[in-house]
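**Student:** In our numbering, the protein residues as written are 11 to 193.
A virtual CB, placed ideally from N, CA and C, is assigned to each residue, including glycine.
Please read all numbers here as calculations on a predicted model, not as lab measurements.
Below you'll find the structure I mean.
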Amino acid sequence: MNQQLLLLEDDDALRLHLGNRLMKHGYRVHRCASMLQAAEVLTSVQQLDAAILDQNVAEDNGLDLIEPLLQRFPACRILVLTGYGSIPAAVAATRRGAHNYLTKPASLTDILQALLEDPSNMPDLPDAPPSLERLEWEHIQRVLEDHQGNVSAAARTLGIHRRTLQRRLKKRPSASEYHRDRR
């Protein structure tokens, strides 16, 4: 795979780390910290196969880059990655032309899958946002996965005591407890 990818992310550490990991998966990554840098890349490259756009880039909105991106590279697959995910924002991103939308923290596996996934195979968005319990549970699971199941390391990353994390893991909510997740 020698695909070119635009990475728009204003967090320096995340941009460097994610860019390096994507390069190991065969992407040629153009890293941008601002909308201005991204616009320069758009005019200078001949090919762009994919883009990962942070939704909130300093004072700018990464969604504003979707239309110019698709005008220049209509086949470009666009993933919006944000720390402030919401259903209205996901709908806005897909209406503008994004192929997928993920909230941070997202694992590299999730990001790669989202870039390759056919948007017509994606499930419908729920009528209501996920419950706080569900978001917490999913976040804990991602952090735990990132630390290969090491509860102590995950607890340090989450900023909670190891025993607190163990108690939360024992109280795994059932699907019926996700009242707001029902359609």
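In this structure, what does DSSP give as the bridge partners for N66?
**Tutor:** Looking at the DSSP assignment, N66 forms a beta bridge with N71.
**Student:** Distance check for Q176 and L91, CA to CA, integer angstroms please.
**Tutor:** Approximately 29 Å between the Cα atoms of the pair.
**Student:** Leaving out five residues on either side along the sequence, give the residues of the same chain with a beta carbon under 8 Å from the beta carbon of A61.
**Tutor:** So the list reads L15, L16, L17, L18, L75, L79, C86, R87, I88 and L89, once near-sequence residues are dropped.
**Student:** What is the DSSP secondary structure of L16, counted as helix, strand or coil?
**Tutor:** Reduced to three states, the DSSP call for L16 is strand.
**Student:** Is the separation between the beta-carbon of Q81 and that of G72 shorter than 8 Å?
**Tutor:** The answer is no: Cβ separation not under 8 Å.
**Student:** With DSSP collapsed to three states, give me the class of N160.
**Tutor:** N160 falls in the coil class under three-state DSSP.
**Student:** Got a sec? Which residues, its chain only, sit under 6 Å from A100 by beta carbon, not counting five neighbours each side?
**Tutor:** The residues are Y111.
**Student:** Where does the unbroken alpha helix (DSSP H) through V101 begin, and where does it stop?
**Tutor:** Its alpha helix (DSSP H) spans residues I97 to R106.
**Student:** How is the beta strand (DSSP E) around L58 delimited, first residue to last?
**Tutor:** It is not in any beta strand (DSSP E) - L58 carries neither H nor E in the DSSP assignment.
**Student:** Sorted by chain position, which residues of the same chain lie with C-beta nearer than 6 Å to A43's C-beta, five sequence neighbours on each side aside?
**Tutor:** So the list reads D20, once near-sequence residues are dropped.
**Student:** Considering only their Cβ atoms, is the gap separating P98 from R152 smaller than 8 Å?
**Tutor:** Not in contact: R152 and P98 (Cβ atoms no closer than 8 Å).
**Student:** Taking the beta strand (DSSP E) that H40 belongs to, which residues open and close that run?
**Tutor:** First-last of the beta strand (DSSP E) with H40: R38 to C42.
**Student:** Start and end of the beta strand (DSSP E) containing I88?
**Tutor:** Unbroken beta strand (DSSP E) run through I88: R87 to T92.
**Student:** Between the C-alpha atoms of H189 and D120, what's the straight-line distance to the nearest angstrom?
**Tutor:** Below a pLDDT of 50, predicted positions are generally treated as unreliable, and H189, at 48, falls in that range; no measurement from the model is reported.
**Student:** In the DSSP assignment, find the unbroken alpha helix (DSSP H) run with H27 in it and report its ends.
**Tutor:** H27 -> alpha helix (DSSP H) spans D22 to K34.
**Student:** Measure from the alpha carbon of G36 to the alpha carbon of each residue in G159, N12, L118 and E146, then state which is nearest.
**Tutor:** Closest by alpha carbon: N12.
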